[in-house]
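Student:
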Amino acid sequence: MPDKCSYTNPTDDLFAGNHIRLFHFDRSGVQYTPLLNIHNDPDTFVRLVLGLTSPDELDIGLDASIQWAIEGGWMVGGTITTRGANLRDIIHPLPRLNQFFFRGSTSGRSTICWSVRDPKINEQLLVKDMWRTEDRPSENIFLQDAIGLPEIVQMVNCEPDRCETKSLRGFGDALHAKFNNRM
30 MPDKCSYTNP
40 TDDLFAGNHI
50 RLFHFDRSGV
60 QYTPLLNIHN
70 DPDTFVRLVL
80 GLTSPDELDI
90 GLDASIQWAI
100 EGGWMVGGTI
110 TTRGANLRDI
120 IHPLPRLNQF
130 FFRGSTSGRS
140 TICWSVRDPK
150 INEQLLVKDM
160 WRTEDRPSEN
170 IFLQDAIGLP
180 EIVQMVNCEP
190 DRCETKSLRG
200 FGDALHAKFN
210 NRM
């Protein structure tokens, strides 16, 4: 039986009236555009609609390393892609649709852990995704020091700086003076 998570379109109920304002939420907070009159600036309005309806998940701010199989509007499976030490992508099937651990919030670390199997050696692994401020050391530094210690979880691979929130910002060239970049 399919999981009860349904796919919904993030652009539903976005447009109403004569004006529009785009809000961007990420781990560093919120950013928004000035109010736009869609009749006075139809070119920008069309670019906005095309951008939000893009089939490219990266264009609308989604993590393309997680892919879902959708059947009849329901998630029925998925994969998560990690990058190995040789910089080659490793695709792990997700045996469970729900995360092993989920501490979700729009701001903060927002830690998510997925239980996966290594596709080559069939060993069970944990994929941990979390955010940190750029002034804090990456967790992989401490896990690297623990390699070989008995009774301690062992790091197999790490992508410490896969993405930064400042690379997701795009409403102008300057970042706010109090902007806290997260990695």
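Sequence positions in the sequence shown follow our numbering and run 30 to 212.
Backbone N, C-alpha and C define an ideal beta-carbon position, used for all residues, glycine too.
(1) Please report the straight-line C-alpha distance between Arg191 and Pro71, rounded to a whole angstrom.
(2) Please report the distance separating the alpha-carbon of Asp158 from that of Ile109.
(3) Please give the ranges of any beta strand (DSSP E) in the segment 72-149, keeping only runs that are unbroken, at least 3 residues long and fully inside the region.
(4) Is the segment 121-131 close to the segment 90-107, with three or more CB pairs under 8 Å?
(5) How would you write the range of the beta strand (DSSP E) that Gln153 sits in, first residue to last?
(6) Going by beta-carbon coordinates alone, are Tyr61 and Phe74 separated by less than 7 Å?
(7) Can you tell me whether DSSP reads Phe171 as helix, strand or coil?
(8) Report back the beta-carbon spacing between Ile49 and Leu81 to the nearest angstrom; my notes put them in contact at under 8 Å.
(9) Bridge partners for His48 per DSSP, in chain order?
(10) Distance, Cα to Cα, Ile176 vs Met184?
Tutor: Judging by the given coordinates:
(1) Those two C-alpha atoms are separated by around 36 Å.
(2) Near 11 Å, if we compare the C-alpha coordinates of Ile109 and Asp158.
(3) Counting only runs of 3+ residues, the beta strand (DSSP E) found wholly inside the segment 72-149 occupies 95-100, 103-112, 118-122 and 141-146, in chain order.
(4) Taking a cut-off of 8 Å on C-beta distances, the segment 121-131 touches the segment 90-107, as three or more cross pairs fall below it.
(5) In the DSSP assignment, Gln153 falls within the beta strand (DSSP E) that extends over Gln153 to Asp158.
(6) No, the pair does not count as a contact, with Cβ atoms beyond the cut-off.
(7) Helix, per DSSP.
(8) In this structure Ile49 does not touch Leu81 by the C-beta definition: roughly 10 Å separates them, more than the 8 Å allowed.
(9) Residue pairing by DSSP places His48 opposite Asn66 in a beta bridge.
(10) It is roughly 7 Å from the alpha-carbon of Ile176 to the alpha-carbon of Met184.
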